[in-house]
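Read through the structure below, which is laid out as structure tokens, and then see the notes.
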Amino acid sequence: MLQSDRRDFLKLTGLAGVAFTAGLFPNQRARAQANDFHFVQFSDTHWGYSGPANPDAEHTLEKAVATVNGLARQPDFIVFTGDLTHTTDDAKQRRERMKRFREIVSALTVKDVRFMPGEHDASLDKGEAYKEFFGATHYTFDHKGVHFIALDNVSDPAAKLGDEQLAWLAADLKQRKTDDRIVVMTHRPLFDLQPSWDWTTADGAKAIELLMPYSNVVVFYGHIHQEHHHMTGHIAHHAANSLIFALPAPGSQPKRAPLAYDAAMPGKGLGTRDVTMTDKVTLVELPVTRS
1 MLQSDRRDFL KLTGLAGVAF TAGLFPNQRA RAQANDFHFV QFSDTHWGYS GPANPDAEHT
61 LEKAVATVNG LARQPDFIVF TGDLTHTTDD AKQRRERMKR FREIVSALTV KDVRFMPGEH
121 DASLDKGEAY KEFFGATHYT FDHKGVHFIA LDNVSDPAAK LGDEQLAWLA ADLKQRKTDD
181 RIVVMTHRPL FDLQPSWDWT TADGAKAIEL LMPYSNVVVF YGHIHQEHHH MTGHIAHHAA
241 NSLIFALPAP GSQPKRAPLA YDAAMPGKGL GTRDVTMTDK VTLVELPVTR S
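Residue numbers for the sequence shown follow UniProt numbering, beginning at 1 and rising by one.
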């Protein structure tokens, strides 16, 4: 079971936050000790958004970059789990937003930065503009004994991974041992969180089925603009906060709509996440500094 826990890691960050420890990767302490590391997850920055849900939208991403640059212990790498930019029907403006987004995040001290699309970036043109600026929409990489898999469940307007990508995932997993440490990163949840709000992946169950034989799997995603934790069998799924506006809890109101901006707490519900990988996975939610 998952359980909340305060960690000494907060002292290293120098920031207020809540540490959440997931009991993953059993019987791997000896292997993990030599390979402990941490990375930062950004999600749902929606560069280009303008509206009452975030009057400071033009500067929130810059503040988040400054927050991460100020960490006492810099991460090994940074990943953006989708919706880098806010949707637009104008193909030229879409590219302008992506260009400006890249300019802002180039100020990150850590230069190993990995991107994934959200539906706001890719669903209108099947990822054409996204690929011009950020490359492949799904890929893998390895870091200190952990295998990372980035999945694309947004380029298809029907919110599918698709048979081709599922076959690619199956082929990749066949190269893994069943006790290998695997981190899956995606934008939409792979499970049916709130289908009526588009909080699902049409064929996500097929991906979960492929992952089930592997005993050490964790999934990080965005899309729902809030911290959320869920289990499918032994696989933990962790949603991240947005950097633009918060959304209501799944099914808590008739329609999905941004939570109202609170001038007294302008950064409420917004932030990034620091993920420490040892024999366990420790999540520290990092608020965005106001200055």
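Just so you know, even glycine gets a beta-carbon here, dropped at the ideal spot from N, CA and C.
field: Beta bridge counterpart(s) of arginine 97 as assigned by DSSP
entry: Answer is none; arginine 97 lacks a bridge partner.
- request: Measure how close the beta-carbons of phenylalanine 220 and glutamine 41 come, nearest whole angstrom, since I'm counting them as under 8 Å.
  value: 6 Å
query: In angstroms, rounded to a whole number, what distance separates the CA positions of glycine 48 and glutamate 62?
result: 13 Å
field: Three-way DSSP call (helix, strand, coil) for glutamine 230 in this model
entry: Note on residue identity: the sequence assigns histidine, not glutamine, to residue 230. Residue state, collapsed to three classes: strand.
message: How far does the beta strand (DSSP E) with glutamine 165 in it extend, from its first residue to its last?
response: Premise fails: glutamine 165 lies in the alpha helix (DSSP H), 163–173, not in any beta strand (DSSP E).
- prompt: Skipping 5 residues on each side, what residues in its chain have a beta carbon closer than 7 Å to that of glutamine 74?
  reply: Thr109 and Val110
- prompt: glycine 82: which of Asp89, Tyr130 and Asp179 sits nearest, CA to CA?
  reply: Tyr130
- request: Go ahead and label asparagine 216 buried or exposed: buried means 16 or more other beta carbons lie within 10 angstroms of its beta carbon, across all protein chains shown.
  value: buried
task: Evaluate phenylalanine 156 with the Cβ neighbour count: other Cβ atoms within 10 Å of its Cβ, from every protein chain shown; 16 or more gives buried, anything less gives exposed.
output: Before going on, a small fix: residue 156 reads as aspartate here, not phenylalanine. It is buried - the Cβ of aspartate 156 has at least 16 other Cβ atoms within 10 Å.
query: Are isoleucine 224 and valine 184 touching if we call contact CB-CB under 8 Å?
result: no
Length of the line joining the Cα atoms of leucine 71 and threonine 200: 33 Å
- request: Report the rounded CA-to-CA distance for arginine 188 versus valine 154, giving the unit in angstroms.
  value: 7 Å
query: Near methionine 277, which residues of its chain fall below 7 Å by C-beta distance, leaving aside the five closest residues on each side in sequence?
result: Asp36, Phe37, His38 and Val146
message: Quick check on the burial criterion: 16 or more other C-beta atoms within 10 angstroms. Buried or exposed for alanine 257?
response: exposed
- prompt: Between Leu247, Asp179, Ile244 and Asp152, which lies nearest to glycine 204 when the distance is taken from Cα to Cα?
  reply: Asp152
- request: Pull up the distance between the alpha-carbon of histidine 228 and that of proline 248, whole angstroms please.
  value: 11 Å
C-beta contact flag for threonine 137 and proline 117 at 8 Å: yes
query: Is it buried or exposed for glutamate 119, if we count other Cβ within 10 angstroms and need 16 for buried?
result: buried
query: In three-state terms, what does DSSP make of glycine 271?
result: strand
field: Sequence-distant residues of the same chain with beta carbon closer than 6 Å to proline 287, five excluded per side
entry: Gly267 and Gly271
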